[in-house]
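Written out below as C-alpha cells is the structure these notes cover.
Numbering (this note's numbering), first residue to last: 35 to 187.
Next comes the structure, spelled out in C-alpha cells:
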C-alpha cells in the first residue's frame with residue numbers, strides 16, 4: 035500500500051493491500067478494496083465502500099454512504115492526449131479539470147465509466163458497464179452506453 039503523507043484517513047476506515055493514495059481525504063468507516071487508485075484532491079465521505087480496481091481521479095467528490103463497485107473508472111479530462119499540437123508532452127497546465135460529484139447513497143455498478151463534469155444524484159443507481167455522460171437525477175436508475183434513465187427507486 036502506497037500512501038502519500040498528505041492523505042487524511044478517517045477512523046475505522048479499512049484499506050486493503052496494493053492501494054495507491056495521493057493527497058486525498060477519506061472519511062470514517064470506509065472500505066477501500068485492493069488495487070484501487072485515489073488521486074490528489076479526491077474527497078470521500080463517511081461509510082463509503084470502494085471495491086477493487088476502481089480508479090478515482092482528481093476532481094471527484096464522493097459523498098457519504100456511496101457504493102463504488104469493481105473496476106469503476108472516473109474520467110476528468112474531456113480531450114485526453116499525450117502531446118500538444120506542437121508535439122510537446124502535455125502537463126497539468128494543458129488540460130481543464132472537470133469536477134464530478136457523487137451524491138449521498140448513490141451506487142455505481144461494476145465496470146461503469148463516469149465522465150468528468152457530471153453529478154450523480156442522491157440515491158441514484160448506475161448499472162454495471164454503463165457510461166455516464168451527463169448528470170443523473172436523484173433516485174434515477176440508469177444503464178447503457180450512454181447511460182439512460184430506465185426508472186426510479
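By construction, the Cβ of each residue, glycine as well, lies at the ideal position given by its N, Cα and C atoms.
Keep in mind it's a predicted model, so treat the numbers as computed, not measured.
Use the C-beta contact count for residue 85: other C-beta atoms within 10 angstroms, 16 or more gives buried, fewer gives exposed.
-> Taking the chain shown and counting its residues from 1, one reaches residue 85 at position 51. With 16 or more other Cβ atoms within 10 Å, it is buried.
Residue environment, residue 153, which counts as buried when at least 16 other CB atoms sit within 10 Å = As a first step, residue 153 must be located in the chain shown, where it is residue number 119. Using a 10 angstroms sphere on the CB of residue 153, the tally of other CB atoms reaches 16 or more, which defines it as buried.
What beta strand (DSSP E) runs, 3 residues minimum, are completely inside the stretch 117-146?
-> Within the stretch 117-146, the runs of beta strand (DSSP E) at least 3 residues long that lie entirely inside it are, in chain order, 134-136.
Which class does residue 174 belong to by DSSP, given the choice of helix, strand or coil?
-> Residue 174 sits at position 140 when you count from the first residue of the chain shown. Note: residue 174 maps to strand in three-state DSSP.
Neighbourhood of residue 116 by C-beta, 7 Å cutoff - its chain only, sequence neighbours within 5 removed = Sequence index remark: in the chain shown, residue 116 carries index 82 (1-based). Counting only Cβ-Cβ distances below 7 Å, and skipping sequence neighbours, we find 123 and 124.
What is the rounded straight-line gap between the Cα of residue 61 and the Cα of residue 120?
-> Position 27 of the chain shown, counted from the first residue, corresponds to residue 61. Position 86 of the chain shown, counted from the first residue, corresponds to residue 120. When rounded, the separation of the alpha-carbon atoms in residue 61 and residue 120 is 42 Å.
Per DSSP, what kind of secondary structure is residue 56 in: helix, strand or coil?
-> Counting from one through the chain shown, the residue named residue 56 turns up at place 22. DSSP, read as helix, strand or coil, puts residue 56 in coil.
Consult DSSP for residue 160 and reduce its assignment to one of helix, strand or coil.
-> Here residue 160 corresponds to residue number 126 of the chain shown, with the count starting at 1. Three-state result, residue 160: strand.
Do you know how far the Cα of residue 134 is from the Cα of residue 172?
-> Within the chain shown, numbered from 1, the residue matching residue 172 stands at position 138. Within the chain shown, numbered from 1, the residue matching residue 134 stands at position 100. Roughly 15 Å between the two C-alpha positions.
Below 6 Å CB to CB, which residues in the same chain sit around residue 58 once its five sequence neighbours on both sides are set aside?
-> By one-based count along the chain shown, residue 58 stands at place 24. The answer, listed in chain order, is 41, 72 and 76.
Through-space distance from residue 179 to residue 97, alpha-carbon basis = By 1-based counting over the chain shown, the position of residue 97 is 63. By 1-based counting over the chain shown, the position of residue 179 is 145. Cα-Cα distance, rounded: 24 Å.
Residue 185 - DSSP class collapsed to helix/strand/coil | What you label residue 185 is simply residue 151 of the chain shown in a count that begins at 1. If DSSP states are grouped into helix, strand and coil, residue 185 belongs with the strands.
For residue 69, which of helix, strand or coil comes out of DSSP?
-> What you label residue 69 is simply residue 35 of the chain shown in a count that begins at 1. DSSP places residue 69 in coil when its eight states are reduced to three.
Can you tell which of 104, 82 and 55 has its C-alpha closest to the C-alpha of residue 139?
-> The sequence position of residue 139 within the chain shown is 105, counting from 1. Answer by Cα proximity: 82.
Provide the residue span of the beta strand (DSSP E) that contains residue 76, from first to last.
-> By one-based count along the chain shown, residue 76 stands at place 42. For residue 76, no beta strand (DSSP E) encloses it, and the DSSP letter there is neither H nor E.
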